[in-house]
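Step one of this worksheet: look at the structure below.
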Amino acid sequence: MRISTHTLFESGAARIGELQSGLVKTQQQIATGRRILAPSDDPVAAARALEVTQTQSLNTQYGANRQHAKSALGAVEGTLTSVTALLQDVKTTVIAAGNAALSDTERGFMATELSARLEELLGLANTRDAVGNYLFSGFQTTTPAFSKDAITGVVTYDGDQGQRLLQVDATRQMSVTAPGSTVFQGGQDVFQTLNDLVVLLQTSGAPSSVVLGTHNDNLDLALDSVLTVRASVGSRLKELDSLDYAGEDRNLQYSQILSELQDLDYAKALTQFSQQQTTLEAAQQSFVKASGLSLFNYI
Amino acid sequence: MASNILGIGQSALTASQVGLSTTGHNIANASTPGYSRQAVVQGASLPQNFGFGFLGQGTEVSTVKRIYNEYLGNQVQSAQTSKSGLDSYYAQIKQIDNLLADPASGLSPALQDFFSGIQEVASNPASIPSRQAALSSAESLASRFHSLAGRLDEIGQGVNSQVLSSVGAINSYAEQIANLNDAIGRAQRATGQPPNDLLDMRDQLILDLNKEVKATVVKQGDDGYNVFIGNGQPLVVGGVTFKLSNLTSPTNPSKIEVAYQTSNGDLVILADSGIVGGKLGGLIEFRNKTLEPTQNALGRVAIGLAITFNGQHDDGYDLDGNPGGPMFSLPSPVVTANSGNVGITADITAQISDPAALTASDYRLQFDGTNYTVTRLSDNFTFPPGALPQTVDGVEVDLASGAPVAGDSFLIRPTVNGASGIGVAITDPRLIAAAATTGAVGDNGNALKLGALQTANIMSGGTSTYQGAYSQIVSQIGNKTRELDVTSSAAGKLLNEATLSLQNESGVNLDEEATNLLRYQQAYQAAAKVMQIASEMFDTLLTLGR
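Sequences listed follow chains U and B, in order.
Under our numbering, the residue at position 212 of the first sequence is numbered 212, and the numbers go up by one with no gaps.
Just remember that our numbering sits 1000 ahead of the position in the second sequence, which is counted from 1.
Here it is, written out as structure tokens:
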């Protein structure tokens, strides 16, 4: 078969060009560590990688949301711990007040102490979080949860029943607040109970053990409702921890999927690179040899 | 007798000279594109009867012919036109492929940041910094849409200017082919011999023309080429050219269309289906099948996001307890009246009524005097004719004022400007409607619902998320680019094969020419020897008389 000299050069150059571009592509993959340099390299994997990236970023966002939930619930938990300690102190005082040997003056001191405790409790119920929002006023986070009437001493709830939910996982919305009305006035109004005690101890004459017992029972009821909320907060905090574990685990899985979709198999790529290199060298050498053959060299 | 020997020698000398110069010409043009090797056609002269028999009278060169196979030439041309078309389509789509290649510059990160911002508002509904951050991420989402749309527009502008230069090249080739038709005709009529190099030049021009657009050659007589492009649109007839021109699209001012001049001087747009193959065909196909659908698909994501997000935002209450307004602003769908319309007062409007039903197609509205017919251009589906308003694929079309005349048409592009026109409608972070109830600053109920939109299947008729709709674009572009890469390299192989076959027949082989050089050199020497001997014979005769 006859072949034109032009073809000899053209096809040699074209083949070398093809080999070079293949080599460059492999080199780019090696340099970036990415198997997919453009969506066209693997359209299905490229689109899938976008979806997985979104899922992963959502998973990370749920993690951030859980941190918010933890700090909100932590603030509630911390306040309620103080409230519990306070109420237990009050109980000790009430039991001590049952001592018949006490004088009116001494009971008066106790009344003063309890009314200071009441103020302290009111302060705890109006706790603000790190950014200045009232913890126990439901959605009315800029309004103090409770206010006390200066004359009657009656404490009223100024918040609402709103419970702030946070998306702590793909399918879980968790309440991270407790309305003050539930915590402090749920079954037994704790402010009223303390107020009644103060009034009782200010009255002259030793209170009967039956009356004191009733007050003590009321205190227990109030303490119970605080402890119920604490238990629920505690179990939510625990759930958040286990969601965190699951989230980290998923994060790892998503990274692995992304890596499988996008990342380069270096062993394979390097082998391919040296293979392409060998072929290119061979093509170059054989081209130079073949094109150097000419009858004109001999005439 | 002696003079006859001299004559024979001289004819041989001439023939070998012709052989030598033809070989030299072949060597000189060994790498000229489109050159076909030439060969001397040589025959014995008519013999003379001398009674004792016929005596040869030397040799004669009857012609110098080019070795060219028309069939193989046609194969190369048609392989070339499809290869050039695929290459130009590939070069264009590769730009979009690269645009979407970088995971950091695509839409996804901006979309994810935006929804992270909304989730932060859900976590801290009363916090102004959180709200400001969400607003800023909304701004950057909108500007990411703008930059993607802007890049696609740029690519569209690039297509326009390449269409212009391609049309220029086609016209210039047409002119040259027509001139060569003339020159070849004259040369052939004057001498009766083929002007080989002119023929090569013309065939090369046909090949170059095929690089720009698919061209069919119909031979006229022995020497004329009539060239047609597309669906038989004449470009060259004998020595006359019918030049292509360009027009701004009557329905889309940012688009340049290829046009031709009719016999009465009017410019008429050449249907896109009539322009196939070559660079021009590739550009037009890219514009119709990839660029415009991608612009629309991106616009559809923007519109879907804006409308559904606004819908949920409207349901909430802002930090001051007021009902939420739109978070994103959107331009109206583009409606352009055909510049040839008669009823110029007619004001057709389009409004998106259902973002889930939106497609990435454009639509044509035609008025027949009584009814309006909407045609979806992506698949040429025609909706049942009727009065306005009509709702098709989530778009409500209506006549706002004026009256069209029978035959008028309008182009409706519901999604084309979605990505370039989306904006953030609010600037005050307090206006983000995070609350589900009024007067509750700590309420994040609506922010949670807004955040949930990220994973809700609300696009493409309720089958995909915003991210999913965008991923679909990436995957479509990726698949098409890959397909073109493969088909273009297959077409390249085909072109190589065809070129190789043609070259094997027509191309110059320098070793062969070296052999010919030696052959004709020796023939020349031998002929000279014959003449020398004739001369010596004559000298012998002369010495006889001394």
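Glycine included, each C-beta is placed from N, C-alpha and C at the ideal position.
Can you tell me which of 1228/B, 1093/B, 1232/B, 1037/B puts its alpha carbon nearest to the alpha carbon of residue 1021/B? 1037/B
Which class does residue 1220/B belong to by DSSP, given the choice of helix, strand or coil? strand
Alpha helix (DSSP H) runs contained entirely in the stretch 150-194 of chain U, provided each spans 4 or more residues: 180-185
Residue 255/U versus residue 46/U - alpha carbon distance: 15 Å
What does a CB cutoff of less than 7 Å around residue 1492/B pick up in its chain, not counting 5 residues either side in sequence? 1083
Verify the CB distance criterion: does residue 184/U have a CB-CB separation below 9 Å to chain B? no
Residue 299/U (DSSP reduced to helix, strand or coil): coil
I want to see whether chain U comes within less than 9 Å of residue 1260/B, judged by CB atoms only; does it? no
Please go through the same chain and pick out, in chain order, the residues whose beta-carbon is closer than 6 Å to the beta-carbon of residue 1029/B, but skip the five residues on each side of it. 1035
By Cβ distance below 6 Å, which residues in the same chain neighbour residue 173/U in space, the five residues on each side in sequence not counted? 165, 167
Quick check: the Cα distance between residue 1494/B and residue 11/U, rounded to an integer number of angstroms? 13 Å
Using 8 Å as the threshold, is the stretch 1067-1086 of chain B in touch with the stretch 1248-1267 of chain B, meaning 3 or more CB pairs across them? no
Please classify residue 1279/B as buried or exposed, where buried requires at least 16 neighbouring CB atoms within 10 angstroms. buried
Relative to chain C, which residues along the stretch 216-246 of chain U have a C-beta separation below 9 Å, given in chain order? Absent from the structure is chain C; the protein chains it does hold are U and B.
At a cut-off of 8 Å, would you count residue 1325/B as near the ligand MG, judging by its Cβ distance to the nearest heavy atom? With respect to the ligand MG, the structure offers nothing, as it holds no ligand at all.
For residue 162/U, which residues in chain B fall below 8 Å Cβ to Cβ? 1437, 1440, 1442, 1443
Which same chain residues end up closer than 7 Å to residue 1487/B when comparing Cβ atoms and leaving out the 5 residues on each side of it in sequence? 1086
Counting only Cβ pairs nearer than 8 Å, list the residues of chain B close to residue 165/U. 1444, 1445, 1448
Which same chain residues, not among the five before or five after residue 75/U, have their C-beta less than 8 Å away from its C-beta? 127, 129, 130, 135
Between residue 1477/B and chain U, is the shortest Cβ-Cβ distance under 9 Å, so that the two count as touching? yes
Residue of 1419/B, 1256/B, 1409/B, 1012/B minimising C-alpha distance to residue 1043/B: 1012/B
Alpha helix (DSSP H) segments (min. 4 residues) lying fully within the stretch 1371-1445 of chain B: 1418-1421
Partner residues on chain U for residue 1097/B, Cβ-Cβ distance less than 7 Å: 38, 39, 40
Counting Cβ pairs, one atom from each stretch, are 3 or more of them under 8 Å apart for the stretch 148-155 of chain U and the stretch 203-221 of chain U? no
Does the stretch 1401-1410 of chain B come into contact with the stretch 1354-1365 of chain B, if we say contact requires no fewer than three beta-carbon pairs (one atom in each stretch) closer than 8 Å? yes
For residue 298/U, tell me which candidate among 1025/B, 1518/B, 1306/B, 1507/B has the shortest Cα-Cα distance. 1518/B
Within 10 angstroms of its Cβ, does residue 1001/B collect 16 or more other Cβ (buried), or is it exposed? Low local confidence applies: a pLDDT of 49 at residue 1001/B is under 50, so the model's placement there is unreliable, and no value is given.
Can you name, in chain order, every residue of its own chain whose Cβ lies under 7 Å from the Cβ of residue 1520/B, other than the five neighbours on each side? 1016, 1019, 1020, 1023
Should residue 1459/B be labelled buried (16 or more other beta-carbon atoms within 10 Å of its own) or exposed? buried
Could you tell me which of 111/U, 124/U, 38/U, 70/U sits nearest to residue 79/U, measuring between CA atoms? 124/U
From the DSSP output, read off the bridge partner residues of residue 1314/B. Paired residue(s): none; residue 1314/B is not in a bridge.
Which of the three DSSP states is assigned to residue 1299/B in this structure? helix
Burial state of residue 245/U (16 or more Cβ within 10 Å): exposed
Say whether the stretch 1470-1486 of chain B touches the stretch 1133-1153 of chain B, bearing in mind that this needs 3 or more beta-carbon pairs closer than 8 Å, one atom from each stretch. no
Under 7 Å Cβ-Cβ, which residues of chain U neighbour residue 1151/B? Correct list: empty, because the minimum Cβ distance to chain U is about 15 Å.
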